[in-house]
Amino acid sequence: MSTPSRMKTVMNMVMCCGMLMTSYCYPNDLDILSMCTIPLLIYCVIDIRGNSWDMVIHHISTLFAGLAMNYTYVDRDIDTATIVAKNLILTEISTVFLDLIHLGYRNLLIKLGFAITFTYFRAIRLPWVMVYDSDTCYFCIDSKDYVCGTNDLCHILWSVGVFNLLMLNTMWYGRLITKILKKNNPKPTIKE
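In terms of the numbering used here, the sequence shown opens at residue 1402 and continues consecutively.
Here is the structure:
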């Protein structure tokens, strides 16, 4: 890994750890949770150029969802928005493990930590909060929509951002499972 790439990975890991520590120390303060994501939004803008197509979509979707989450209005349901914001931040736990792998720490515990945290926070918990839990599902609740109020642009940003993030996580999870299965079930070699 080259030095700029290594530095970018370390900075990403520090940023993720900062967001996670903030969400641990201030789990019920939406204002502080929102402020702690500002470096992430800046990182997404800076890191778009020269990235793979899936990471470009991930960064743009993160920007859309982040901007929508930071949209505020009078009747906003702060408690629900806080739960959603915290669950979005918690997905970064798997990013810390992935960054460690990119930095060369490829032992079994780091790989297992990545697989478990990706499975729980991105493949199970986030879809549950965003789609299945009627208390936090953006598309399930009544007129006091917790993210955007009556702002149509905010609704579009939120819907596109969250949908894309959930689809990317599904695709990446499929790749992760495929990689694990291939590694544990190598093709037999034919001897002539």
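Idealized CB from N, CA, C, for every residue including glycine.
For residue j and residue i, believed in contact at Cβ under 8 angstroms, the rounded distance
i	j	result
V1611	T1537	No answer is possible for residue 1611: the residues shown for the chain start at 1402 and end at 1593.
L1491	F1540	Not quite, the Cβ-Cβ distance comes to about 21 angstroms (not below 8 angstroms), so this is no contact.
Buried or exposed by the 16-neighbour rule on C-beta atoms within 10 Å, applied to residue i
i	result
M1420	buried
Y1533	exposed
N1570	buried
D1500	buried
Y1472	buried
M1436	exposed
S1495	buried
L1431	buried
M1531	buried
Proximity of residue i and residue j at Cβ, strictly below 9 angstroms
i	j	result
L1527	L1464	no
V1548	M1456	no
Y1444	M1412	yes
L1468	C1555	yes
T1481	N1429	no
Short CB-CB distance (under 9 angstroms) between residue i and chain D
i	result
Y1539	Absent from the structure: chain D. Only one protein chain is present.
Notebook entry, point to check: Okay, do the region 1567–1583 and the region 1509–1519 touch, 3+ Cβ pairs below 8 angstroms being the bar?
Noted result: Short answer: they touch.
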